[in-house]
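In our numbering, the protein residues as written are 450 to 678. Note that CB positions come from ideal geometry on N, CA and C, so glycine has one too. One structure is given here, and the rest of the page talks about it.
See below:
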C-alpha cells in the first residue's frame with residue numbers, strides 16, 4: 450500500500466470524500482493486493498501521522514503569527530475569499546479537525562447456497578446486538594488474509610480458505626475511523642461455533658434487510674442485495 454494512505458484518509462475526512470490511496474472506497478474500489486504485511490502498513494501509517502502532525506503544527510504556528518500579508522483565517526460563515534461556501538467549510542474543517550484513531554479490520558464473506566454467515570455482536574462490545582460479517586482487527590505481522598483466517602478460527606472455530614477481495618469500506622464513527630477490508634472466503638463445510646458472538650445465522654441478502662447492521666457493514670449488505678457478488 451502507498452505510504453500516503455493515512456494522508457489520503459485524513460484528507461478524505463475533511464473533504465467528505467471517502468478515499469484510500471486516491472481510490473474511492475465504499476463502492477467498488479479495491480486496495481491493490483500486494484500482500485503487504487501489517488508491519489509495513491503500520492509503518493506507512495506512522496509516517497503519515499508524523500506528516501499530518503507536522504502540517505497541523507505549521508497551521509497552529511501560522512495562526513498565532515502576525516503577518517501583514519496573510520489573509521485572516523475565517524470561521525464558519527465568514528469568507529475565505531473567492532471560494533464557494535462548501536470550499537470554505539472544507540478548509541475550516543481541515544484546519545480545525547483533530548487527529549482521529551484509525552482501526553483496520555478484515556471481514557469475511559462466507560456463502561453457502563446463497564446464504565451468508567453473519568454474527569450478532571455480544572453485550573459489552575461496540576454496537577452490541579448488531580449483526581456483522583465475521584472477522585477482526587489486523588495485527589502487526591499479518592497480511593489481511595492471515596488475519597481473517599486467524600479471526601474466524603478464534604471466533605468461530607471455522608477453518609477457511611481466503612479468496613479475493615469483495616470490497617473495502619471506510620466509515621467514520623464518532624469515536625474512531627474504520628477501514629474494513631472484505632474478502633470472500635470458503636469453508637470446508639464445518640459447522641461454525643459462536644465462541645464470541647451471541648448468535649450465528651445463515652441469511653440471504655433480502656433477509657439481512659430486517660436486521661440491524663453496523664453502519665460500516667451497510668454497504669456490504671446493499672451490494673449483496675443488488676446482486677453485485
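- Setting aside the 5 residues that flank it on each side, residue 608 is surrounded in the same chain by 598, 601, 602, 636, 637 and 639, each with a C-beta closer than 8 Å to its C-beta; the list follows chain order.
- In the three-state reduction of the DSSP assignment, residue 652 falls in the strand class, which pools E and B.
- When C-beta atoms of the stretch 616 to 633 are compared with those of the stretch 650 to 659, fewer than three pairs fall below 8 Å, so the two segments do not count as touching.
- If you check the CB distance, residue 634 and residue 568 do not come in under 7 Å.
- For the 7 Å CB-CB criterion, residue 606 and residue 582 do not form a contact.
- Contact between residue 596 and residue 604 does not hold, since their C-beta atoms are separated by about 12 Å, which reaches or exceeds 8 Å.
- Membership of residue 630 in the beta strand (DSSP E) is indicated by the continuous run 626 to 636.
- Straight-line spacing of the CA atoms in residue 672 and residue 666 works out to 10 Å.
- Residue 585 and residue 554 do touch by the CB rule: their CB atoms are close to 6 Å apart, below 8 Å.
- DSSP lists 586 and 629 as the bridge partner or partners of residue 554.
- In this structure residue 662 is buried. Its beta-carbon is surrounded by 16 or more other beta-carbon atoms within 10 angstroms.
- Cα atoms of residue 631 and residue 624: separation of roughly 22 Å, rounded to the nearest angstrom.
- Assignment of residue 621 by DSSP, reduced to helix, strand and coil, places it in the strand class.
- For residue 610, DSSP records a beta bridge to 635.
- In the DSSP assignment, residue 566 falls within the beta strand (DSSP E) that extends over 564 to 569.
- As computed with DSSP, residue 560 is found in a beta bridge with 565.
- Per DSSP, residue 646 lies in no alpha helix (DSSP H) and is assigned neither H nor E.
- Non-local C-beta neighbours of residue 566 in its own chain, meaning closer than 7 Å and more than five positions away in sequence, comprise 559, 583, 641, 649 and 651, ordered along the chain.
- In summary, residue 570 is buried, with 16 or more beta-carbon neighbours lying within 10 Å of its beta-carbon over all protein chains present.
- Following the DSSP letters along the chain, one finds residue 598 inside the alpha helix (DSSP H) bounded by residues 593 to 605.
- Between residue 676 and residue 563, the alpha-carbon positions lie close to 11 Å from each other.
- Restricting attention to 574, 660, 668 and 626, the CA atom closest to the CA of residue 552 is found in 626.
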